[in-house]
Amino acid sequence: SGGTCGGYDAGLAAPRGSCSGAGAAAGGGGARRSSVDVLDGASSSRSSVLPERLDLEPVYRWLACDAVTDVADAVRMPVKLLESEDQDVLLFASLALHQLAGVPELVEPLGRAGAVAALVAVVRRWVDMGSAEQGMHKATAEWTLATLSRLMTMPHGAENLKRFSEAWKPAGKEEAAREH
């Protein structure tokens with residue numbers, strides 16, 4: 003895909019522009035909100051992030067743009083965002099996917115778009131972090147796990163359970179199983 007919509011480049015996994023609308027007003031004059039603004043009064047811990055205070059408006063604007071022509075297009079963007087190294091982007095993407103996974107009709111398209119494998123990759127990266135870094139990004143891991151759970155337990159989630167099983171297997175065991 004291509005083009006820019008809602009402050010995001012459809013081919014990139016990171017925000018390009020500033021937010022507008024209600025989220026920008028809270029940040030002042032269209033400025034991008036800082037990570038401190040989205041915390042519940044505690045700038046040192048992400049564990050206090052409240053989902054209703056996060057500005058997901060840019061993601062929703064992108065989903066509503068002409069660049070999205072069908073369900074497969076709509077679910078690709080938040081899945082693509084899970085490839086980012088930026089922990090704020092990962093948190094926002096996990097929250098967006100969690101909300102989308104609450105719609106039973108989107109559960110299977112999200113799985114087909116690679117959401118389960120991408121979420122497993124985020125969890126693996128978190129597990130590989132040092133304990134101090136894990137603590138700083140605990141909310142991302144929690145929302146990622148909650149999203150995985152929702153994708154597998156919602157109606158139409160049976161295939162996602164299989165996708166999770168495949169994605170969770172270490173690469174070495176899969177290769178060893180093929181050799182035997």
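Quick note on our numbering: the sequence shown kicks off at 3 and runs consecutively. Cβ coordinates follow ideal geometry from the N, Cα and C atoms, glycine included.
field: Classification of G159 by the beta-carbon crowding that lies within 10 angstroms, buried from 16 upward
entry: buried
Pick from L92, A123 and T155 that is closest to A103, judged by C-alpha positions: T155
query: What is the rounded straight-line gap between the Cα of G137 and the Cα of E107?
result: 34 Å
Neighbour-count burial assignment, D115, 16 or more Cβ in a 10 Å radius: It should be pointed out that residue 115 corresponds to Ala in this sequence rather than to Asp. Classification of A115: buried, given that the 10 Å Cβ count is 16 or more.
query: When the Cα of N162 is compared with those of G132, L93 and A119, which residue comes out closest?
result: A119
message: Give me, in chain order, the residues of the same chain whose beta-carbon lies closer than 7 Å to that of R152; leave out the 5 immediate sequence neighbours on both sides.
response: H100, A103 and G104
task: Report yes if the CB atom of L92 is closer than 9 Å to the CB atom of T146, and no otherwise.
output: yes
- prompt: Just to confirm, are V122 and A143 a CB contact at a threshold of 9 Å?
  reply: no
- prompt: DSSP on L1, reduced to helix/strand/coil?
  reply: Nothing about residue 1 can be reported from this structure: the residues present for the chain run from 3 to 182 only.
message: Could you compute how far the alpha carbon of A95 sits from the alpha carbon of K164?
response: 22 Å
- prompt: First and last residue of the alpha helix (DSSP H) that includes H100?
  reply: Q89 to L102
task: Kindly provide the ranges of any alpha helix (DSSP H) runs that are 4 or more residues long and lie completely inside the region 102–128, ordered along the chain.
output: 106–114
field: N-terminal and C-terminal residue of the alpha helix (DSSP H) that M154 is part of
entry: K140 to T155
query: In terms of residue numbering, what span does the alpha helix (DSSP H) encompassing K164 cover?
result: A160 to W170
- prompt: With 16 as the cutoff for other CB atoms within 10 Å, does E110 come out buried or exposed?
  reply: buried
message: Mapping the DSSP letters down to three states, classify G25 as helix, strand or coil.
response: With a pLDDT of 36 at G25, under the threshold of 50, the predicted position of this residue should be treated as unreliable, though the coordinate-derived value follows. In this structure, G25 counts as helix in the three-state DSSP scheme.
task: Let me know if V129 comes out buried or exposed under the rule of 16 or more other beta-carbons within 10 Å of its beta-carbon.
output: exposed
query: What did DSSP end up calling G132 once you bin it into helix, strand or coil?
result: coil
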